[in-house]
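Numbering (our numbering), first residue to last: 14 to 159.
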């Protein structure tokens, strides 16, 4: 599994907004400063997430972004499905280096890959933004790890 910078930064932005969900609209400048992400790059990500209906926007001096729904309504899998081409792409490599396999090996490896994809997807779909915030609070930190 490989998550791109765009996917990772989308998660960071969504978690930042989830952490401040009761505070109203949050500026991209503030998010960029807290998360160490370029404001310009966050603008592209925010635009994409906004078009997908994950965010609400407000223009003006008190403008910014906020989550369109409560943090417990967003799964990590859903957010990544918006930003990534394939969350659970599984590749098995190195099976032709002198190892002789039977004719059914492709079928077997496809079954393994499909099973791994399902496990990864189910796991990511089971974790919400709220779950991550609660895990970070249980650990006694305000830091969350993705």
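In this text, a Cβ means the ideal position worked out from N, Cα and C, and glycines have one as well. These figures come from a predicted structure and were not determined experimentally.
Cβ pair residue i, residue j closer than 8 Å
| i | j | result |
| --- | --- | --- |
| residue 78 | residue 65 | no |
| residue 149 | residue 97 | no |
| residue 142 | residue 87 | yes |
| residue 12 | residue 122 | Absent from the structure is residue 12, since the part of the chain shown begins at 14 and ends at 159. |
Three-state class that DSSP yields for residue i in the structure shown
| i | result |
| --- | --- |
| residue 136 | helix |
| residue 5 | As displayed, the chain neither begins before 14 nor continues past 159, which places residue 5 out of reach and without an answer. |
| residue 144 | helix |
| residue 122 | helix |
| residue 23 | helix |
Pairwise C-alpha distance: residue j and residue i
| i | j | result |
| --- | --- | --- |
| residue 132 | residue 68 | 28 Å |
| residue 128 | residue 53 | 38 Å |
| residue 56 | residue 119 | 43 Å |
| residue 70 | residue 140 | 25 Å |
| residue 51 | residue 31 | 19 Å |
| residue 47 | residue 126 | 37 Å |
| residue 80 | residue 40 | 12 Å |
| residue 130 | residue 83 | 28 Å |
| residue 134 | residue 61 | 22 Å |
| residue 73 | residue 152 | 37 Å |
| residue 85 | residue 34 | 11 Å |
| residue 36 | residue 42 | 16 Å |
Nearest-angstrom Cβ-Cβ length linking residue i and residue j, presumed shorter than 8 Å
| i | j | result |
| --- | --- | --- |
| residue 137 | residue 95 | With 8 Å as the limit, residue 137 and residue 95 do not qualify as a contact, their Cβ atoms being about 12 Å apart. |
| residue 26 | residue 44 | 6 Å |
| residue 92 | residue 24 | 6 Å |
Contact test: residue i Cβ vs the ligand FAD heavy atom, cutoff 7 Å
| i | result |
| --- | --- |
| residue 40 | Absence of the ligand FAD from the depicted structure is noted, as is the absence of any ligand whatsoever, leaving it without description. |
Requested in this report: Let me know the alpha helix (DSSP H) ranges lying completely inside the stretch 40–90, each 4 residues or longer, listed in chain order.
Outcome: 41–48 and 52–64
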